[in-house]
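Visitor: In terms of my numbering, the sequence shown opens at residue 1012 and continues consecutively. Glycine residues also receive a C-beta, built at the ideal position from the N, C-alpha and C atoms. Everything numeric in this text was worked out from a predicted model, so none of it was measured. Just dropping this structure here.
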Amino acid sequence: MKKILLILLLFATRIEAQEPDMAKRTVIVFLSSEVIAGENFSKDAMLNWVKEVQGAMANLMKTEKTNSVVKIIASWTKDRKCKYQLSVCPENNTLLEQVGTVLQPINSPVANFASFELMLTFKFNEGCNAPETFSPEISGAAEQMKKKLSTQTLLQRKETIRNWALQEVIPVLAHFTKNVDAQFPGVQATGKMLEQKNFLNQQAATVTEKDPLYWRGVMEMNKGNLIIPLSKVLMHVANDEFDLARRYLGMLFRFADKESLASHYLMDLNRNLDLFYQCHDSLIREGIRLHDDGKYAEAIKQYNTILAAYPNSAWARYELYFSSTYLEKGNKAKDQSAAVWSKHQSAVYAADPLYPMGGGASNGREAFLLFRHLQIKELFRESSKLKEDLFTYADIALDLSAYSFAAHLYWYLMIIFPEEKFKGQSLLVWYLYSLQKLGVTEPQHFFKEDYTAILNGLDKTREEAMKNDPLYKSFKE
C-alpha cells in the first residue's frame, strides 16, 4: 500500500544522484494518509507528475535571483486531476505567477477513488528568513475543515461532520475492506455494508454488533489495524450518534497502529468532534448557568434547543432531567426526582450507555449500577494506572450492559496481553461472554476449546459479585 511513498523516495534518490543540490531543496509531505496513495493513483502517472513538477521548479531556480521558499498544495478529488494552491515566502507575486505558469501544462494523475493531498516545498537560493511568512495564506483540507466548523452553529457542525464521514471517509474504508482476499469474509462484509450504506437510518449497533460477520472482521485484522471498528464508529457518525462515536474513539485510539489508515482517520475525527463539542458544551454550560440562577424553565428551553439540533446528546438529556426535577419540586411539595428520572433515563443511556452520571437509586441493583456509572469519571487520571483502568473500564461496560463496547475492549486487551487473566478467566473468555450477551455465539466455534460451560456460569458469578457488593447490601430489597 505504500508503493507511491517508496516510489517518491526512490525518485528523490535518483534526483540526488543527478542533481544533489535539488534533492536538498525539495520537501514532499503527505497531508493525506500515504496508505491511500498506493491504490489511488497509477504508479507511472504519479511518478511522471512528481518528476515534471520538480523539473519545472529546478528550471525556475536557474533564473530566480531572490531568496524564497515556494509552497505548493496539490489537492485531488475522486475522478479529478489535481488543483494547486500556491504560496511564497517572502511575498513575491512575480515568482508566484511564474510557478503557476510552469505548473499549468503539467498533466497530473487522476484520483481513482478518494480525495488526496500533497504539499511540496522548494527552496530558492538561500530560502526565506525566519520568521517565515507565506503569501497568500494556503491550507489543506484539515485546516479548511477546522475554519469552517469554527464559524458554524451546532446543527451546521453536525451536518458538516456527518457529510465528511459519508462523502470523504466511508468510501475510502469501503474500498480497502471490500477488496480484500476472499479468505477474509468478515472484512468483505463490512466493506459491502459501507459501500451500500445500508446502515443509514438504522442504529449502527444493530447492523454491526449483532452480526457475527462484523466480529469475524474485527478478528481477521492484524494487531493495530482498527479499520473494522473505525467503520462502526463512522456509521455512528453518519447516523448522528456522535456521543457513541466519541466513546468508542477514546477507547480505540489506545490500540491503533499510529501509522495506519485507521489511525489517520481516528485523529481527523477526533479533531472534528472536538470542534463540535466545543460548541455543544458551551451551549450546555449556558443552560447550567440559567439553572443555577433558578431559571429552570429557561434552562429546560435551552436544553431542548440543543436537542433539536442534536438529539443524541447524553449530557443535554441529563441536564434536561436535572432541571425538570427542580421545576417539579417548585410545583409540588413531594420530591418527584425518581419519577422524573424514570422518564429520562432510557434516552440518556441510549445516547451514551457509559454516561458517567445517573438519577438516584431505589434498590441495591440500581445503586450498584449507578456507582458503576460514576466510577467512569475516576478512570484514566493517572498514566501509571492505564492498564488497570482499561480492565476496569471493560468490566464496568459489561456491568452496564454495554456489551459491544466491552467486547471490543476485551479483544484488543487480549491482543496486547494474551496471557493475562481477569477475575480468574482469560480475556478470550470475557470477550466471548460479551458477545454471547449480545446474542452472538458463532465466534465461539472459531476456537478449539469448548467454552460453553464456563460462559454459561458467568451470569451466576457476576450476579453473586454484585449482591456481595457493600453498596448493594446497604439497600434492603
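Once DSSP output is grouped into helix, strand and coil, what is the label at Leu1237?
Guide: Numbered from its first residue, the sequence shown carries residue 1237 at position 226. It is coil, neither helix nor strand.
Visitor: Please report how far the alpha carbon of Asp1406 lies from the alpha carbon of Ser1334, in whole angstroms.
Guide: By 1-based counting over the sequence shown, the position of residue 1406 is 395. By 1-based counting over the sequence shown, the position of residue 1334 is 323. Each residue's Cα considered, the two are about 31 Å apart.
Visitor: Near Ser1415, what residues of its chain come up, given a Cβ to Cβ distance below 6 Å and the 5 sequence neighbours on each side ignored?
Guide: Reading the sequence shown from its first residue, position 404 is the one you call residue 1415. Around Ser1415: Glu1220.
Visitor: Should Thr1219 be flagged as near chain C, meaning a C-beta pair shorter than 7 Å?
Guide: In the structure shown, chain C does not exist; there is a single protein chain.
Visitor: If you follow the beta strand (DSSP E) that Phe1181 is in, where does it begin and where does it stop?
Guide: Here residue 1181 refers to the residue found at position 170 when the sequence shown is read from its first residue. In the sequence as presented, Phe is not what sits at residue 1181; that position holds Ile. Segment 1181-1189 is the alpha helix (DSSP H) holding Ile1181; no beta strand (DSSP E) there.
Visitor: Is it buried or exposed for Phe1457, if we count other Cβ within 10 angstroms and need 16 for buried?
Guide: Sequence index remark: in the sequence shown, residue 1457 carries index 446 (1-based). Phe1457 comes out exposed.
Visitor: At the level of alpha carbons, what is the spacing between Leu1277 and Ile1047?
Guide: Working through the sequence shown from its first residue, we reach residue 1277 at position 266. Working through the sequence shown from its first residue, we reach residue 1047 at position 36. For Leu1277 and Ile1047, the distance between alpha carbons rounds to 15 Å.
Visitor: Kindly identify the DSSP beta-bridge partner or partners of Ile1039.
Guide: Within the sequence shown, the letter at position 28 stands for residue 1039. Beta-bridge pairing links Ile1039 to Leu1131.
Visitor: Could I get the ranges of all uninterrupted alpha helix (DSSP H) runs contained in the stretch 1421-1472, with 4 residues as the minimum, in chain order?
Guide: Listed in chain order, the complete alpha helix (DSSP H) runs (minimum 4 residues) inside the stretch 1421-1472 are 1438-1449.
Visitor: Pull up the distance between the alpha-carbon of Leu1466 and that of Met1156, whole angstroms please.
Guide: Taking the first residue of the sequence shown as position 1, residue 1466 is located at position 455. Taking the first residue of the sequence shown as position 1, residue 1156 is located at position 145. So the two alpha carbons sit approximately 47 Å from each other.
Visitor: Three-state secondary structure (DSSP) at Leu1097?
Guide: Position 86 of the sequence shown, counted from the start, is the residue given in the question as residue 1097. Reduced to three states, the DSSP call for Leu1097 is strand.
Visitor: Under 8 Å Cβ to Cβ from Lys1158, same chain only, skipping five residues before and after it: list those, please.
Guide: Taking the first residue of the sequence shown as position 1, residue 1158 is located at position 147. These residues qualify, in order along the chain: Ser1150.
Visitor: Please identify the residue among Glu1339, Pro1429, Pro1120 whose C-alpha is closest to the C-alpha of Asp1090.
Guide: Against the sequence shown, residue 1090 aligns to sequence position 79. The shortest C-alpha separation from Asp1090 is found at Pro1120.
Visitor: Looking at Leu1177 and Leu1168, is the spacing between their C-beta atoms short of 7 Å?
Guide: The count along the sequence shown starts at 1 and reaches residue 1168 at position 157. The count along the sequence shown starts at 1 and reaches residue 1177 at position 166. Looking at the sequence itself, residue 1168 is Arg, so the reference to Leu does not match. In this structure, Leu1177 does not lie closer than 7 Å to Arg1168 by Cβ.
Visitor: Looking at the strands, I want to know which residues DSSP matches up with Lys1089.
Guide: Translated into positions along the sequence shown, residue 1089 becomes position 78. Note: Lys1089 sits in a beta bridge opposite Ala1122.
Visitor: Given 8 Å as the limit, is there contact between the stretch 1323-1334 and the stretch 1290-1308, that is, 3 or more CB pairs closer than that?
Guide: Yes, the stretch 1323-1334 touches the stretch 1290-1308.
Visitor: Give the straight-line distance between the Cα atoms of Gly1370 and Tyr1321, rounded to the nearest whole angstrom.
Guide: Counting from one through the sequence shown, the residue named residue 1370 turns up at place 359. Counting from one through the sequence shown, the residue named residue 1321 turns up at place 310. Roughly 22 Å separates the two Cα atoms.
Visitor: Are the CB atoms of Glu1339 and Gln1313 nearer to each other than 7 Å?
Guide: Here residue 1339 refers to the residue found at position 328 when the sequence shown is read from its first residue. Here residue 1313 refers to the residue found at position 302 when the sequence shown is read from its first residue. In this structure, Gln1313 does not lie closer than 7 Å to Glu1339 by Cβ.
Visitor: Only counting the same chain, and skipping five residues up and downstream in sequence, which positions put a Cβ closer than 7 Å to that of Pro1182?
Guide: As a working note, residue 1182 is residue 171 in the sequence shown. Taken in chain order, the residues that qualify are Phe1124, Ala1125.
Visitor: Pull up the distance between the alpha-carbon of Leu1042 and that of Lys1432, whole angstroms please.
Guide: Position 31 of the sequence shown holds residue 1042. Position 421 of the sequence shown holds residue 1432. The straight-line gap from Cα to Cα measures roughly 41 Å.
Visitor: Determine the closest residue to Ile1084 out of Lys1073, Val1110, Pro1223, Gly1435, with distance taken between C-alpha atoms.
Guide: The residue given as residue 1084 occupies position 73 in the sequence shown. Considering only alpha carbons, the answer is Val1110.
Visitor: Pull up the distance between the alpha-carbon of Pro1240 and that of Thr1112, whole angstroms please.
Guide: Here residue 1240 is taken as the residue at index 229 of the sequence shown, counted from 1. Here residue 1112 is taken as the residue at index 101 of the sequence shown, counted from 1. Their Cα atoms are separated by approximately 46 Å.
Visitor: Contact between the stretch 1246-1261 and the stretch 1206-1214: three or more CB pairs below 8 Å?
Guide: Touching, yes.
Visitor: Just mark Pro1364 as buried or exposed, buried being the case when its beta carbon has 16 or more other beta carbons within 10 Å.
Guide: Locating residue 1364 in the sequence shown gives position 353, where the first residue counts as 1. Buried, by the Cβ-count rule.
Visitor: Helix, strand or coil, according to DSSP, for Ser1485 in the structure here?
Guide: Numbered from 1 along the sequence shown, position 474 holds the residue referred to as residue 1485. DSSP places Ser1485 in coil when its eight states are reduced to three.
Visitor: Once DSSP output is grouped into helix, strand and coil, what is the label at Ile1149?
Guide: Mapped onto the sequence shown, residue 1149 falls at position 138. If DSSP states are grouped into helix, strand and coil, Ile1149 belongs with coil.
Visitor: Would you be able to state if there are at least three C-beta pairs under 8 Å between the stretch 1229-1240 and the stretch 1257-1273?
Guide: At 8 Å Cβ cutoff, the stretches touch.
Visitor: Just tell me which of Ala1464, Gly1138, Ala1267 has its CA closest to the CA of Val1075.
Guide: Your numbering for residue 1075 matches position 64 in the sequence shown. For the record, residue 1075 in the displayed sequence is Glu; it is not Val. The shortest C-alpha separation from Glu1075 is found at Gly1138.
Visitor: Would you mind giving the Cβ-Cβ distance between Arg1258 and Lys1134, rounded to the nearest angstrom? I have them listed as a contact below 8 Å.
Guide: Start at 1 with the first residue of the sequence shown, and residue 1258 comes out as number 247. Start at 1 with the first residue of the sequence shown, and residue 1134 comes out as number 123. At roughly 46 Å, the Cβ-Cβ gap does not stay under 8 Å, so Arg1258 and Lys1134 are not in contact.
Visitor: For the candidate residues Met1425, Glu1474, His1419, whose alpha-carbon lies nearest to that of Leu1449?
Guide: In the sequence shown, the residue the question calls residue 1449 occupies position 438. It is His1419 whose Cα lies nearest to the Cα of Leu1449.
Visitor: Since Leu1107 and Leu1097 are thought to touch, with beta carbons under 8 Å apart, how far apart are those beta carbons, to the nearest angstrom?
Guide: Indexing the sequence shown from 1 puts residue 1107 at position 96. Indexing the sequence shown from 1 puts residue 1097 at position 86. 6 Å between Cβ atoms; contact.
Visitor: What residue does the alpha helix (DSSP H) around Ala1216 start on, and which one ends it?
Guide: Locating residue 1216 in the sequence shown gives position 205, where the first residue counts as 1. Note, Ala1216: alpha helix (DSSP H), 1215-1219.
Visitor: Pick from Pro1196, Thr1171, Lys1459, Thr1452: whose alpha carbon is nearest that of Asn1283?
Guide: Working through the sequence shown from its first residue, we reach residue 1283 at position 272. Nearest C-alpha to Asn1283: Thr1171.
Visitor: State the Cα-Cα distance for the pair Trp1175 and Glu1128, rounded to the nearest angstrom.
Guide: Taking the first residue of the sequence shown as position 1, residue 1175 is located at position 164. Taking the first residue of the sequence shown as position 1, residue 1128 is located at position 117. Approximately 16 Å, taken between the alpha carbons.
Visitor: Which one of Lys1434, Val1081, Asn1136 has the shortest CA to CA distance from Ile1039?
Guide: Mapped onto the sequence shown, residue 1039 falls at position 28. Considering only alpha carbons, the answer is Val1081.
Visitor: With distances taken Cα to Cα, identify the nearest neighbour of Thr1162 among Tyr1329, Ala1310, Ser1293, Leu1286.
Guide: Looking up residue 1162 in the sequence shown gives position 151. Residue Leu1286 is the option with its Cα nearest to Thr1162.
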